[in-house]
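Here's the structure, in structure tokens; my notes come after.
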Ligand SMILES: [Cu+2]
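Numbering (the working numbering), first residue to last: 85 to 239.
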């Protein structure tokens, strides 16, 4: 499969590409060269709508990257240990249109993220709802990903 076919608009081909991507993922092979083309995915490709989770903790890092913003939260467990969660959200442009902009969050802020866990069981969640330090609640979802509450509209 060459890169020209990956860019095709054929739905069947894209389905195959998705399956190949999943297979390669499972094999643990690095996809560094291909990921930029395939990085944008449906909710169901990566996350489990039956595994809702609330993450409450301290913001340690934000990556304002397309097609997804990623941010990272340290959660203190009852026993005092700290567990790191990764949160996948919509694009920086989509988030800023909803009032979740660079500057609204700084490292060390306390935030609450409601989302859904990754199917692979890792501590990665799809951030559907983010409660910012000032109390505002914004959607973190990727518009049109078919996930819970998705309206297909942006924001
Ligand atoms: Cu995506």
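Beta carbons are placed, not taken as given, at the ideal position from N, Cα and C, and that holds for glycine. Treat the numbers as computed from the prediction; the structure is a model and nothing was measured.
Legend entry - For residue 143, the three-state DSSP class (helix, strand or coil): Taking the chain shown and counting its residues from 1, the one referred to as residue 143 is at position 59. In the structure shown, the three-state DSSP call for residue 143 is strand.
Inset, instruction - Flag residue 176 as yes when its Cβ comes closer than 6 Å to any non-hydrogen atom of ligand 1, and as no otherwise. - result: As a working mapping, residue 176 is identified with position 92 in the chain shown. Exclusion of residue 176 from the 6 Å shell around ligand 1 follows from its C-beta lying no nearer than that to any non-hydrogen atom of the ligand.
Inset, instruction - Go through its chain and collect everything with a Cβ distance to residue 179's Cβ below 8 Å, but skip five positions before and after it. - result: What you label residue 179 is simply residue 95 of the chain shown in a count that begins at 1. Hits under 8 Å: 153, 173, 185, 222 and 224.
Inset, instruction - Could you have a look at residue 203 and say whether DSSP puts it in helix, strand or coil? - result: Within the chain shown, the letter at position 119 stands for residue 203. Residue state, collapsed to three classes: coil.
Legend entry - Helix, strand or coil at residue 172 [DSSP, three-state]: Position 88 of the chain shown holds residue 172. Three-state DSSP puts residue 172 in a strand.
Legend entry - Coarse secondary structure for residue 190, derived from DSSP in three states: Looking up residue 190 in the chain shown gives position 106. DSSP places residue 190 in coil when its eight states are reduced to three.
Legend entry - Short Cβ contact (7 Å threshold) for residue 141 with residue 157: Locating residue 141 in the chain shown gives position 57, counting from the first residue. Locating residue 157 in the chain shown gives position 73, counting from the first residue. A contact, by the Cβ cut-off of 7 Å.
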